[in-house]
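One structure is given below, encoded as structure tokens.
Number of protein chains: 4
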Amino acid sequence: MKMLKSAVLGATGNVGQIFVQLLDNHPWFQISAVAASERSVGQMYPEASRWRQPVPIPECVTGLEVLPIEPHRIGDVDVVFSALPSEVAGKAEEKFAEAGYVVVTNASAHRMDPDVPLLNPEINCDHVPLIEEQRRRRKWDGAIVANPNCSTTILTLPLAPIYGEFGIERVMVSSMQAISGAGYPGVPSLDIIDNVIPFIRNEEQKFQNETLKIFGTPNKAADFKISASCYRVPLWMDICNLFS
Amino acid sequence: MKMLKSAVLGATGNVGQIFVQLLDNHPWFQISAVAASERSVGQMYPEASRWRQPVPIPECVTGLEVLPIEPHRIGDVDVVFSALPSEVAGKAEEKFAEAGYVVVTNASAHRMDPDVPLLNPEINCDHVPLIEEQRRRRKWDGAIVANPNCSTTILTLPLAPIYGEFGIERVMVSSMQAISGAGYPGVPSLDIIDNVIPFIRNEEQKFQNETLKIFGTPNKAADFKISASCYRVPLWMDICNLFS
Amino acid sequence: MKMLKSAVLGATGNVGQIFVQLLDNHPWFQISAVAASERSVGQMYPEASRWRQPVPIPECVTGLEVLPIEPHRIGDVDVVFSALPSEVAGKAEEKFAEAGYVVVTNASAHRMDPDVPLLNPEINCDHVPLIEEQRRRRKWDGAIVANPNCSTTILTLPLAPIYGEFGIERVMVSSMQAISGAGYPGVPSLDIIDNVIPFIRNEEQKFQNETLKIFGTPNKAADFKISASCYRVPLWMDICNLFS
Amino acid sequence: MKMLKSAVLGATGNVGQIFVQLLDNHPWFQISAVAASERSVGQMYPEASRWRQPVPIPECVTGLEVLPIEPHRIGDVDVVFSALPSEVAGKAEEKFAEAGYVVVTNASAHRMDPDVPLLNPEINCDHVPLIEEQRRRRKWDGAIVANPNCSTTILTLPLAPIYGEFGIERVMVSSMQAISGAGYPGVPSLDIIDNVIPFIRNEEQKFQNETLKIFGTPNKAADFKISASCYRVPLWMDICNLFS
């Protein structure tokens, strides 16, 4: 199989660095371009990223120059991964989709758009055809596909066989989430060392809404009851990421 | 009001040290005696305890010699606080009650005995008369009174007004508990640093059973449904203890 | 002895909160006024400070309104404690001294001024007369007196008897410093959890220069060799502060 | 090049697990046998080790049965790696060397024996010929070769070029060491969370003696002055191990 060429948007941030780490030595993808905000453009990736992961910076990106987040600068790639912060992701990802790119995004900006598939592939790959509706409605050649929030991804996997076999009436879930999910600089250490913080902004709403969207049909959310409580705990990274 | 003289059993352990810390400068109680296992008997308390709390050792105990856990050695005290480990607490506390002492215990050994009041005083002080039944049945002059598990204590307080006003059908609760609750040496640091441990031995059962006993009548447990999940998190001490 | 009335500048920040905590129930001082930056002025102290210490907010400050950092607003106080960040401390403290206040500052801005006493009182209270020189030279009625950096304070105490008895040729010191010293928001948790950071900006220079100033005469620094290495470690607070 | 077959003694402990992790996918070595104390013998390695590393258990050991620490049970291997605790390592390693095996040990038991090479290969591979003296003196066909203590290994590398170019008069070193070095269960979490422990038993002596042995000739230790201070800090693992 031919390797697919990919670009990472927001590649210098903390989420972007995790994308780079996971794409290194990936059997399907190679990284052809990294893009980030004005502050980093023109620098080499190792300098611009100030690499903060507990593994060495992958060789595949050490020779890449950071490009601006502009479709015409990204060149010939098969897929665009977006690790952009939510406040800029919305507009930027639309421009790439309009320019014909397929954007797979970790940002929350488009997750709840009715014509954007929110995919946890083991569960709802039958939502993929929403892309056709998206292209028709928005008149573009590319597309936006979103993955869920980290906590939603983890919750929905064990719920799936239960939902399939028995249905679900009500979900009550508590999550204990590592600091890496808050990005960088993220959580001040004075707030979290020797502490648990019983609040993560917007997390509980995302957790609830995204779970119902994933378990729904392409056009209608599931309607069981779900109540989430999200806690920040003093860990560096959710174990699940370590083994990805 | 005259100060009440108290003894602390198991005073050198981690729970015993917290008792000593909380009784220091207490408006009702003073510490007249400290007792611990053979290993510590005859040593002065500061040496024997190898004090490990984040506040200095209280002056009230620096001049006390550690006594054996024997009723005839404790002398004239008004109340005996027990911080004994569960595996020795059962027998030892009975001997003190038989010898005429009122034992207030933090150990789990007698909590679920039908004739031992398990008190969270803001909620079920109407269980105190169980003492009379206990004395009658066991033919002793003293008594054993237990406080609940730490997590139960905290859970039952906010549940109480809800239970009183509306009743309760079902409780689902997750607890995130500090390492101090595991005693010393307790949790190995390799297990808990940068980690959350989704298991605390016997904790979930205690949590469930004790909650139902507290909300029951003196002779019959409450019968709502309750499901607890207990997690160990990398904190030193539950905040609630710090401010007690 | 009559209680001395004090004001705390920068009272809402992390260092200011420690000042408030240490002045609570102090045998000599009471807090009459709290001042902070524009953002907090006019709010009550509990709201403005968003209290972050592991002990409850002292009652003595719950009824105080936050004042601006202006001498004419502070009123009749005997001493002004400054917990201002260094970048604003320089000018602000001079204005208070000019207006006749005695300012005792924890900020680094004036520590190395030749006419400002840098006091670790057990060691160099013979530097106090520098105040006269300061008043003469600067033509003001108040004064500025500084305490050293936290690491310098701790180092100089055990060095003092050695210096007095034998003299010192050379000091090599490594410090492991808690996150509270970096203020709030301070160190990002992603940088420090499960890590040690071998760099604290400007800390090694302060450590070296201040130590030599303290061990010198009022007008001339000591001249032994000193080399410091400062490390940030994942602790909340230096133990020394806890017991102050 | 033909792969060398290796056995790991003490393979189920924390140090043994690191050996297994580092030998997995190694270009020169494969693991043919794992041995441990009576408690584990006969169990499969995954059960016996209760794997505690932050990476998945390597496939190369999932099918191995734990053998006793006996030379006649280890079979045909080219090299024996010893991760035994010091108190049993001394005798056990001698039995393997006597039986003809080359033992490369991380234990401290034989490090300071005059006829055992203590190797940091980039620095003192000229100590290897000590093996001949060892075999002659002890009349065995195998050999024991030791690696230094973790802190010594790290210190001696940057000292080596300085020593070679300029010589060394005196070394003063402070180490901040992760909890993994203390084995399992190792450091109680109550002692180390939110704390630094300024003492590691025997560590400073090893640090000093081993450094001088490495920089000496095969038969005589170097004689510069060295003073070490060792601190335990609340980290899981020294970064250096992560990248090995």
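Residue numbers (this note's numbering), protein chains in the order written: chain X, 1 to 244; chain F, 1001 to 1244; chain H, 2001 to 2244; chain P, 3001 to 3244. Using N, Cα and C, we set each Cβ at its ideal position, and we do this for glycine too.
Worksheet item: Looking only at C-alpha atoms, which of Ser1006(F), Pro1068(F), Leu1190(F) sits nearest to valine 1103(F)?
Response: To locate residue 1103(F), count along the second sequence from 1; it is residue 103. Nearest neighbour of valine 1103(F) by Cα position, chosen from Ser1006(F), Pro1068(F), Leu1190(F), turns out to be Ser1006(F).
Discussion item. I'd like the span of the beta strand (DSSP E) that includes isoleucine 123(X), first residue to last.
Written reply: Looking up residue 123(X) in the first sequence gives position 123. For isoleucine 123(X), no beta strand (DSSP E) segment is defined; the enclosing uninterrupted segment is the alpha helix (DSSP H) at 121–124.
Worksheet item: For aspartate 1113(F), which option in Pro1234(F), Pro1218(F), Leu1004(F), Leu1235(F) has the closest C-alpha, if you only look at C-alpha atoms?
Response: For this step, residue 1113(F) is matched to residue 113 along the second sequence. For the set Pro1234(F), Pro1218(F), Leu1004(F), Leu1235(F), the Cα lying nearest the Cα of aspartate 1113(F) is the one of Pro1218(F).
Worksheet entry | Cβ distance (whole Å) where alanine 2245(H) is taken to contact arginine 2201(H) below 8 Å | What the structure shows of chain H is the stretch from 2001 to 2244, and residue 2245(H) is not part of that stretch, so it cannot be assessed.
Practice prompt. Compile a chain-ordered list of the residues in the segment 1165–1180 of chain F whose CB is closer than 7 Å to at least one CB of chain X.
Written response: Of all residues in the segment 1165–1180 of chain F, Met1172, Ser1174, Met1176 have a Cβ within less than 7 Å of some Cβ in chain X.
Worksheet item: Ordered along the chain, which non-local residues of its own chain (more than five positions away) have a Cβ less than 6 Å from that of phenylalanine 3207(P)?
Response: Position 207 of the fourth sequence, counting from 1, holds the residue named residue 3207(P). Only Ser3151, Thr3152, Ala3228 meet the Cβ criterion.
Discussion item. Quick check on serine 2229(H) - is its C-beta less than 9 Å from some C-beta in chain P?
Written reply: The residue you call residue 2229(H) lines up with position 229 of the third sequence. Yes, serine 2229(H) lies at the interface with chain P (some Cβ there is under 9 Å from its Cβ).
Worksheet item: Hey, methionine 3172(P) and isoleucine 3226(P): beta-carbon distance below 9 Å or not?
Response: Here residue 3172(P) is taken as the residue at index 172 of the fourth sequence, counted from 1. Here residue 3226(P) is taken as the residue at index 226 of the fourth sequence, counted from 1. Yes, the pair counts as a contact, with Cβ atoms nearer than the cut-off.
Practice prompt. Decide if the segment 88–102 of chain X is in contact with the segment 132–142 of chain X; the criterion is three or more beta carbon pairs, one per stretch, under 8 Å apart.
Written response: Two segments are said to touch when three or more pairs of C-beta atoms, one from each, lie closer than 8 Å; by this definition the segment 88–102 of chain X touches the segment 132–142 of chain X.
Worksheet entry | Cβ neighbour criterion (16 or more within 10 Å) applied to valine 3116(P) | Here residue 3116(P) refers to the residue found at position 116 when the fourth sequence is read from its first residue. Buried: at least 16 other Cβ atoms inside 10 Å.
Item to complete: Return yes when the Cβ of tyrosine 1184(F) is within less than 9 Å of the Cβ of proline 3188(P), no when it is not.
Response: If you number the fourth sequence from 1, residue 3188(P) lands on position 188. If you number the second sequence from 1, residue 1184(F) lands on position 184. Closer than 9 Å, so yes.
Worksheet entry | 9 Å Cβ cutoff, isoleucine 2200(H) in contact with chain X | Looking up residue 2200(H) in the third sequence gives position 200. Output row for isoleucine 2200(H): interface = no.
Fill in: Rounded straight-line distance, which links the Cα of proline 1056(F) to that of phenylalanine 2243(H)
If you number the third sequence from 1, residue 2243(H) lands on position 243. If you number the second sequence from 1, residue 1056(F) lands on position 56. At phenylalanine 2243(H) the pLDDT is 37, less than 50, meaning the model places this residue with poor confidence; the figure from the coordinates comes in the next sentence. Computed Cα separation, rounded: 8 Å.
Practice prompt. For valine 187(X), return the contacting residues in chain H, with the cut-off set at a CB-CB distance below 7 Å.
Written response: As a position in the first sequence, residue 187(X) is number 187, starting the count at 1. The answer, in chain order, is Ser2189.
Item to complete: State the beta-bridge partners of methionine 237(X) as determined by DSSP.
Response: The residue labelled residue 237(X) in the question sits at position 237 within the first sequence. Paired residues: none, contrary to the question.
Worksheet entry | Reduced DSSP category for isoleucine 226(X) - H, G, I as helix; E, B as strand; rest coil | Along the first sequence, read from residue 1 onward, the residue named residue 226(X) stands at position 226. Correct three-state label for isoleucine 226(X): strand.
Discussion item. Against chain X, does tryptophan 1236(F) count as a neighbour if the rule is that its beta carbon must be under 9 Å from one of theirs?
Written reply: Residue mapping note: residue 1236(F) aligns to position 236 of the second sequence, counting from 1. At least one chain X Cβ lies under 9 Å of tryptophan 1236(F).
Worksheet item: What is the rounded straight-line gap between the Cα of arginine 3039(P) and the Cα of methionine 3003(P)?
Response: Along the fourth sequence, read from residue 1 onward, the residue named residue 3039(P) stands at position 39. Along the fourth sequence, read from residue 1 onward, the residue named residue 3003(P) stands at position 3. Across the structure, arginine 3039(P) and methionine 3003(P) are spaced so that their CA atoms are roughly 31 Å apart.
Discussion item. Need the endpoints of the beta strand (DSSP E) that glutamine 1030(F) sits in, please.
Written reply: On the second sequence, residue 1030(F) is found 30 positions in, with the first residue counted as 1. First-last of the beta strand (DSSP E) with glutamine 1030(F): 1029–1035.
Worksheet entry | Proximity test, Cβ basis, 9 Å: asparagine 1106(F) and chain P | By one-based count along the second sequence, residue 1106(F) stands at place 106. Taking 9 Å as the CB threshold, asparagine 1106(F) stays off the interface with chain P.
Fill in: Extent of the continuous alpha helix (DSSP H) run through valine 2088(H)
Stepping through the third sequence from its first residue, residue 2088(H) is reached at position 88. Judged by DSSP secondary structure, valine 2088(H) falls within the alpha helix (DSSP H) whose first and last residues are 2086–2098.
Worksheet item: Shorter than 9 Å from the beta carbon of valine 1196(F) to some beta carbon of chain X?
Response: The residue you call residue 1196(F) lines up with position 196 of the second sequence. Answer yes: the Cβ-Cβ gap between valine 1196(F) and chain X drops below 9 Å somewhere.
Practice prompt. For the alpha helix (DSSP H) containing phenylalanine 207(X), list its first residue and its last residue.
Written response: Stepping through the first sequence from its first residue, residue 207(X) is reached at position 207. It spans 203–215 - the alpha helix (DSSP H) in which phenylalanine 207(X) sits, taken as one unbroken run.
Discussion item. In this structure, how does DSSP classify glutamate 165(X) when only helix, strand and coil are distinguished?
Written reply: Residue 165(X) sits at position 165 when you count from the first residue of the first sequence. In the structure shown, glutamate 165(X) adopts helical secondary structure according to DSSP, grouped into three states.
Worksheet item: Do the segment 3068–3084 of chain P and the segment 3028–3043 of chain P meet, that is, are 3 or more Cβ pairs less than 8 Å apart?
Response: They touch, by the three-pair rule.
Item to complete: For leucine 2022(H), name the three-state secondary structure that DSSP assigns.
Response: Position 22 of the third sequence, counting from 1, holds the residue named residue 2022(H). Leucine 2022(H): helix per DSSP, three-state reduction.
Worksheet item: Beta carbon of glutamine 1017(F), beta carbon of glutamine 1043(F): below 9 Å?
Response: Taking the second sequence and counting its residues from 1, one reaches residue 1017(F) at position 17. Taking the second sequence and counting its residues from 1, one reaches residue 1043(F) at position 43. Their beta carbons are not under 9 Å apart, which means glutamine 1017(F) does not touch glutamine 1043(F) by this criterion.
Worksheet item: For the beta strand (DSSP E) that arginine 3170(P) lies in, which residues bound it at each end?
Response: Here residue 3170(P) refers to the residue found at position 170 of the fourth sequence. Residues 3170–3177.
Worksheet item: By DSSP, does methionine 1003(F) sit in helix, in strand, or in coil?
Response: Counting from one through the second sequence, the residue named residue 1003(F) turns up at place 3. The answer is coil: DSSP assigns methionine 1003(F) none of H, G, I, E or B.
Worksheet item: Expressed to the nearest angstrom, what Euclidean distance is found between the alpha-carbon atoms of proline 3158(P) and asparagine 3106(P)?
Response: Within the fourth sequence, the letter at position 158 stands for residue 3158(P). Within the fourth sequence, the letter at position 106 stands for residue 3106(P). Going from the Cα of proline 3158(P) to the Cα of asparagine 3106(P) covers about 21 Å.
Worksheet item: Among residues of its own chain, excluding the 5 on either side of glycine 216(X), which ones have a beta-carbon nearer than 6 Å to its beta-carbon?
Response: Mapped onto the first sequence, residue 216(X) falls at position 216. Only Ala222 meet the Cβ criterion.
Worksheet item: What's the call for cysteine 2240(H), buried or exposed, on a 16-neighbour Cβ count within 10 Å?
Response: Working through the third sequence from its first residue, we reach residue 2240(H) at position 240. Residue placement at cysteine 2240(H) is poorly supported in this model, since its pLDDT is 38, which falls under 50; the coordinates are not used for a value here.
Worksheet item: Under 7 Å Cβ-Cβ, which residues of chain F neighbour isoleucine 3192(P)?
Response: As a position in the fourth sequence, residue 3192(P) is number 192, starting the count at 1. The contacting residues are Ser1189.
Worksheet item: Residues bridged to serine 2082(H) by DSSP?
Response: Locating residue 2082(H) in the third sequence gives position 82, counting from the first residue. Within the DSSP bridge table, the entry for serine 2082(H) names Leu2009(H), Thr2105(H) as partners.
Item to complete: Can you grab the Cα-Cα spacing for the pair leucine 2235(H) / valine 196(X), in whole Å?
Response: As a working note, residue 2235(H) is residue 235 in the third sequence. As a working note, residue 196(X) is residue 196 in the first sequence. Separation of leucine 2235(H) and valine 196(X) (C-alpha to C-alpha, rounded to the nearest whole angstrom) is 15 Å.
Worksheet item: isoleucine 3144(P) lies in the beta strand (DSSP E); which residues open and close that run?
Response: Numbered from 1 along the fourth sequence, position 144 holds the residue referred to as residue 3144(P). Run containing isoleucine 3144(P): 3143–3146, per the beta strand (DSSP E) assignment.
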